[in-house]
Amino acid sequence: MFTIPQELRKIIFSDRMLIKIMMDCASKAAVEVLQSKGVDAVPGILLVVHTFGRDLKFNPHVHMLMTEGGLTSSNQWVDIPFLPYGLLRKKWQYYLLTEIKASLPQTKENVRFIDYLFKSQRNGFYVNPKLSDSWSG
1 MFTIPQELRK
11 IIFSDRMLIK
21 IMMDCASKAA
31 VEVLQSKGVD
41 AVPGILLVVH
51 TFGRDLKFNP
61 HVHMLMTEGG
71 LTSSNQWVDI
81 PFLPYGLLRK
91 KWQYYLLTEI
101 KASLPQTKEN
111 VRFIDYLFKS
121 QRNGFYVNPK
131 LSDSWSG
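Quick note on full-length UniProt numbering: the sequence shown kicks off at 1 and runs consecutively.
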């Protein structure tokens with residue numbers, strides 16, 4: 001599950017196109033993390049967005065199911081033995097904040113806000129992986 005800080009909820013609530021961007025960024029982060037670790041295969045990915053939490057307040061987050069392997073460019077199946085969780089958190093944060101920054105008016109307040117979210121979340125945005133027994137993170 002890919003989550004966002006509470007401070008971003010108002011922005012996403014006011015621009016629902018950012019929900020699709022959330023999905024795109026989650027997928028891009030997962031694929032790039034694997035590629036950065038030398039995995040030359042594309043995994044199967046299924047994304048679902050929930051826009052509300054259990055308390056029925058607006059709390060957009062992305063659920064991802066990802067295969068434990070992927071197809072190479074020659075259509076060969078390759079197992080993916082790991083998912084670097086720390087790097088995934090940081091990539092998720094980077095891609096999402098970069099896209100949100102591009103969608104906002106370039107005011108000093110918006111630039112400061114995005115910078116604040118980078119600095120205050122040094123470990124990246126919260127990602128809650130539920131890994132199978134065969135994966136490590």
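Idealized CB from N, CA, C, for every residue including glycine.
Note that the structure is a prediction, hence the values are computed from the model and not measured.
Where do the N-terminal and C-terminal ends of the beta strand (DSSP E) with MET64 fall, by residue?
For the purposes of this step, residue 64 is taken as the residue at position 64 of the sequence shown. Here the beta strand (DSSP E) through MET64 covers 58-71.
Mapping the DSSP letters down to three states, classify ILE80 as helix, strand or coil.
In the sequence shown, counting from the first residue as 1, residue 80 sits at position 80. In this structure, ILE80 counts as coil in the three-state DSSP scheme.
Measuring only the C-alpha atoms, how far is ASN59 from THR3?
Taking the sequence shown and counting its residues from 1, the one referred to as residue 59 is at position 59. Taking the sequence shown and counting its residues from 1, the one referred to as residue 3 is at position 3. When rounded, the distance between both Cα atoms is 8 Å.
Check whether the segment 36-47 and the segment 68-77 are in contact - that is, three or more C-beta pairs closer than 8 Å.
In short, these stretches touch, since the Cβ pair count reaches three.
Output the distance between the C-alpha atoms of HIS61 and ALA26, rounded to the nearest integer angstrom.
If you number the sequence shown from 1, residue 61 lands on position 61. If you number the sequence shown from 1, residue 26 lands on position 26. Answer to the nearest angstrom: the Cα atoms are 10 Å apart.
State buried or exposed for PHE125, treating a residue as buried only when at least 16 other CB atoms are found within 10 Å of its CB.
Looking up residue 125 in the sequence shown gives position 125. PHE125 is buried by the Cβ-count criterion.
According to DSSP, which residues form a beta bridge with PRO43?
Residue mapping note: residue 43 aligns to position 43 of the sequence shown, counting from 1. BP columns for PRO43 point to GLY70.
Tell me whether the beta-carbon of VAL33 lies closer than 8 Å to the beta-carbon of LEU104.
As a position in the sequence shown, residue 33 is number 33, starting the count at 1. As a position in the sequence shown, residue 104 is number 104, starting the count at 1. Against a cut-off of 8 Å, the Cβ pair of LEU104 and VAL33 comes out as no contact.
Tell me whether THR51 sits in a helix, a strand or coil according to DSSP, three-state version.
Here the question's residue 51 lines up with position 51 in the sequence shown. Three-state result, THR51: strand.
Between MET17 and ILE45, which are expected to be in contact by the criterion C-beta below 8 Å, what is the C-beta distance as a whole number of angstroms?
In the sequence shown, residue 17 corresponds to position 17, counting from 1. In the sequence shown, residue 45 corresponds to position 45, counting from 1. No, MET17 and ILE45 are not in contact; Cβ-Cβ is about 20 Å, not under 8 Å.
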